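Letter by letter, the sequence shown follows residues 1 to 365 in my numbering. Everything on this sheet refers to the single structure shown next.
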Amino acid sequence: MSINILELLNSGIGKQLVGEAGKMLGESDSGIQSAVGSMMPALLGGMMTKAATPQGAGDLFKMVQGLNLDTRSLGNIAGLIGGAGGAGAMQSVGSGLLSSLLGGDKTNGLASALAAVSGIKPASAASLLSLGTPLMMGTVKKLVSDGGLDAAGLAKTLLGQKSFLQGANIDPRITGALGFNNMSSMLGALPNATADVARTAAVATSTAAVASTSGLRRWLPWILGALALFLLWNWFSNRSKPEVVPVPAPVVEAPVVVAPAVVTLPASVFFETGSAMIGDEGNATLAGAAAIVAAEGGNIALTGHTDKTGDAAANEELAKQRALAVRDALMAQGVAESSIVMQPPMFVTGAVNDRAARRVDITRP
């Protein structure tokens, strides 16, 4: 039996969110309850729409896995919001997730529709969306972890929610903000959770299959050539020829090993939107930086960067958490904590791209 994600959300984080968000935003419980009741199906529908293509399913899987949220804390929303960084940090993360999930125009339209349906202020609806999105993503992250799901498995689970979402009876203003006339038209545009999803899963995993077979394809001509030579030699041997000179097998050159890129200081570690998790590229940079400190000695300084869009305090807290993550990773590489100087977060201004505002610089102090 398929799990009902919508029921899980409404009975879990949705129920807790009503009381906590009402107090935080200064709205009535009835208004927040109405908004949450429309928000959860809308966000679930947005995730289902994104999961309907192999590329979207892969991107959504990365978003869920990259979410810097301890899923064990989902049972205590009050403590989570009141913790380090508080609601501001949560909303900053949620804004980035919403932008990736729905896009800026649909996010603003959904906030306006939620306000119109529930009677709360548009600003409160926008804050509620930013607050609720990472909590919902955290619930999905727990499902992925508990079920051992990959991108295709996540897509199949989400697209299996069509019957549950159909019964949510969402106001057309909500589905209109997502680009559909009503719930039926939105669900009708999604593939079925059986054969269609199986095809999506096959395409989503084809890249891995090609990667695993590319080595075989590269060696296949050599293998076939050696086999042909062996068969010829065996045939001549069976005919009792006076002298059979076996043909030597072709010499196979060893694969070329490419040396890792050399890291120099200053260097930078970049992060995904709303996340303090270090990726493979960042870990390679940190390994190089740790090697420099081991060879040359001395101290290094870490500076987290952020831009001035959105909530400044939340951005600054996220930049600080990224710098702390880099510090901990360097210590794990053998760099002494006494050799690491933590600098205050810096604001990025001017005509820079988003990637430049999501980095931690490693420099010599």
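Don't be surprised by glycine CBs; every beta carbon is placed ideally from N, CA and C. Note that this is a predicted model, so its numbers are computed, not measured.
Report the three-state DSSP secondary structure of residue i (helix, strand or coil).
i	result
Ala336	coil
Ala267	strand
Val360	strand
Val348	coil
Thr71	helix
Thr107	helix
Gly304	strand
In angstroms with no decimal places, state the Cα-to-Cα distance between residue i and residue j.
i	j	result
Ser268	Ile362	6 angstroms
Glu281	Lys62	15 angstroms
Leu98	Asp29	24 angstroms
Gly132	Arg364	40 angstroms
Ala319	Phe180	37 angstroms
Ala124	Thr303	Note on residue identity: the sequence assigns Ser, not Ala, to residue 124. For Ser124 and Thr303, the distance between alpha carbons rounds to 33 angstroms.
Val36	Leu17	8 angstroms
Gln33	Gly153	31 angstroms
Ala78	Gly14	12 angstroms
Ala418	Val140	No answer is possible for residue 418: it lies beyond the span of the chain, which begins at 1 and ends at 365.
Asp70	Leu229	59 angstroms
Met183	Gln166	7 angstroms
Ala356	Glu272	11 angstroms
Val93	Gly138	12 angstroms
Pro266	Glu316	22 angstroms
Ser185	Met346	46 angstroms
Ser73	Leu80	6 angstroms
Phe164	Gly96	27 angstroms
Gly31	Glu337	49 angstroms
Between residue i and the ligand FAD, is there a pair consisting of the residue's CB and a ligand heavy atom that are separated by less than 8 angstroms?
i	result
Glu7	Among the ligands in the structure shown, none appear at all, so the ligand FAD cannot be discussed.
If residue i and residue j are in contact, beta carbons under 8 angstroms, what's the gap, nearest whole angstrom?
i	j	result
Val341	Asn299	6 angstroms
Ile174	Ser38	5 angstroms
Gln343	Ala287	Not a contact, Cβ separation roughly 22 angstroms.
Val335	Ala284	About 15 angstroms separates the two Cβ atoms, so there is no contact after all.
Asp311	Gln91	6 angstroms
Thr64	Val144	Checking the sequence shown, residue 64 turns out to be Val, not Thr. Contact holds; Cβ gap of about 6 angstroms.
> Of all the alpha helix (DSSP H) runs that stay within the bounds of the region 266-301, which reach a length of 4 or more residues?
Replying inline: 280-296
> Are there three or more Cβ pairs, one per stretch, closer than 8 angstroms when the region 41-51 is compared with the region 145-162?
Replying inline: yes
> In the region 6-30, which residue ranges form an unbroken alpha helix (DSSP H) of at least 4 residues, counting only runs that do not cross its ends?
Replying inline: 13-25
> Quick one: any contact between the region 271-282 and the region 323-339, if contact means 3 or more CB pairs under 8 angstroms?
Replying inline: yes
>> Please give the ranges of any beta strand (DSSP E) in the region 149-179, keeping only runs that are unbroken, at least 3 residues long and fully inside the region.
In response: none
> Just checking, does the region 90-108 make contact with the region 162-182 on the three C-beta pairs under 8 angstroms criterion?
Replying inline: Contact holds between the region 90-108 and the region 162-182, because three or more Cβ pairs, one in each stretch, are under 8 angstroms apart.
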